[in-house]
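Q:
Residue numbers (my numbering), protein chains in the order written: chain W, 1 to 114; chain S, 1 to 113.
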């Protein structure tokens, strides 16, 4: 089954404690991206990657890091989480031929930073 | 600076009637527009899209209309069904920058039986 898998689904952490949210896709997609969803703001792009070792900043990259060492994985790293990073996070992937039209999203990770 | 705006946070319609969800954008470089649907506890799923060279695209009960001069698009659902109750996100992209997909704030649609 084609899917994008994020882990964990729920996470409560304390300010400053480094964490990683994993994202994996099994569709051999070139494009991967991270979004955060906040009330009244919709989905905002954090980082995106158009292929292995190619990453770029989205609209709200501050406080986040990503890496794309393998095609299937695109982890999101919060080196020193702060309460304003409490949000619902989504990973997405799509093929280069389909562009973002055919983006598949993961089920989301709800992060709370206290 | 919100480049894609959905000014109605919520919409309630009766089953069988038409649902119209609206979206406005400010960036004239956007040339591809998409609608995504999101149920609670799930990720968004692609619904329908339209290229800027068209003014209408239809897929079953779903039709998207694009008015480039007004920088406005709308999603029509006819007839609306209770299973259509979800959050709908409008999104836009600039084909020259394929990594960027800009989303609106979302509209929560409730279809009452």
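Just so it is clear, CB atoms sit at the ideal spot from N, CA and C, and this is done for glycine as well.
1. Measuring alpha carbon to alpha carbon, tell me which residue in S:61, S:9, S:42, S:49 is nearest residue 91 of chain S.
2. Does the count of Cβ pairs from the segment 11-24 of chain S and the segment 69-82 of chain S closer than 8 angstroms reach three?
3. Quick check on residue 58 of chain S - is its C-beta less than 7 angstroms from some C-beta in chain W?
4. Between the segment 106-113 of chain W and the segment 62-71 of chain S, are three or more C-beta pairs nearer than 8 angstroms?
5. What is the rounded straight-line gap between the Cα of residue 83 of chain W and the Cα of residue 79 of chain S?
6. Kindly identify the DSSP beta-bridge partner or partners of residue 42 of chain W.
7. Can you pull out the residues from the segment 71-104 of chain S whose beta carbon lies closer than 9 angstroms to at least one beta carbon of chain W?
8. Express the C-alpha separation of residue 109 of chain W and residue 11 of chain W in angstroms, rounding to a whole number.
9. Taking 7 angstroms as the CB-CB limit, is residue 25 of chain W close to chain S?
10. For the structure I just gave you, are there three or more beta carbon pairs, one from the segment 58-74 of chain W and one from the segment 16-33 of chain W, closer than 8 angstroms?
11. For residue 102 of chain W, return the contacting residues in chain S, with the cut-off set at a CB-CB distance below 8 angstroms.
12. Kindly indicate which residue of S:10, S:26, S:113 has the alpha-carbon position closest to the one of residue 1 of chain S.
13. Determine the burial state of residue 115 of chain W: buried for a count of at least 16 other Cβ atoms within 10 Å of its Cβ, exposed for fewer.
14. For residue 18 of chain S, count neighbouring Cβ atoms within 10 angstroms of its own Cβ and tell me buried if that reaches 16, exposed if not.
15. Are the C-beta of residue 106 of chain S and some C-beta of chain W separated by less than 7 angstroms?
16. Chain S beta carbons: is any one of them nearer than 7 angstroms to that of residue 107 of chain W?
17. Per the DSSP calculation, residue 7 of chain W is bridged to which residue(s)?
A: Per the coordinate set shown:
1. Along the second chain, one-based indexing puts residue 91 of chain S at 91. Nearest option by C-alpha distance: S:49.
2. For the pair of segments examined, the segment 11-24 of chain S was found to touch the segment 69-82 of chain S: the number of CB pairs separated by less than 8 angstroms reaches three.
3. Stepping through the second chain from its first residue, residue 58 of chain S is reached at position 58. It does not: the Cβ of residue 58 of chain S has no partner Cβ on chain W nearer than 7 angstroms.
4. Verdict: no, contact absent.
5. The count along the first chain starts at 1 and reaches residue 83 of chain W at position 83. The count along the second chain starts at 1 and reaches residue 79 of chain S at position 79. Answer to the nearest angstrom: the Cα atoms are 43 angstroms apart.
6. The sequence position of residue 42 of chain W within the first chain is 42, counting from 1. Residue 42 of chain W pairs with W:38.
7. Listed by position, the residues of the segment 71-104 of chain S near chain W (Cβ gap below 9 angstroms) are 89, 90, 91, 93, 95, 98, 99, 100, 101, 102, 103, 104.
8. To locate residue 11 of chain W, count along the first chain from 1; it is residue 11. To locate residue 109 of chain W, count along the first chain from 1; it is residue 109. Going from the Cα of residue 11 of chain W to the Cα of residue 109 of chain W covers about 7 angstroms.
9. Position 25 of the first chain, counted from the start, is the residue given in the question as residue 25 of chain W. Answer no: the Cβ-Cβ gap between residue 25 of chain W and chain S never drops below 7 angstroms.
10. With the cut-off at 8 angstroms, the segment 58-74 of chain W and the segment 16-33 of chain W touch.
11. Against the first chain, residue 102 of chain W aligns to sequence position 102. Ordered by position in chain S, the residues that pass the 8 angstroms Cβ test against residue 102 of chain W are 46.
12. Residue mapping note: residue 1 of chain S aligns to position 1 of the second chain, counting from 1. Minimum Cα distance to residue 1 of chain S is reached at S:26.
13. Here chain W comprises residues numbered 1 to 114, so residue 115 of chain W is not present and cannot be evaluated.
14. Numbered from its first residue, the second chain carries residue 18 of chain S at position 18. Exposed.
15. Translated into positions along the second chain, residue 106 of chain S becomes position 106. Closer than 7 angstroms to the CB of residue 106 of chain S there is at least one CB belonging to chain W.
16. Sequence index remark: in the first chain, residue 107 of chain W carries index 107 (1-based). Yes, residue 107 of chain W lies at the interface with chain S (some Cβ there is under 7 angstroms from its Cβ).
17. To locate residue 7 of chain W, count along the first chain from 1; it is residue 7. Residue pairing by DSSP puts residue 7 of chain W in a beta bridge opposite W:22.
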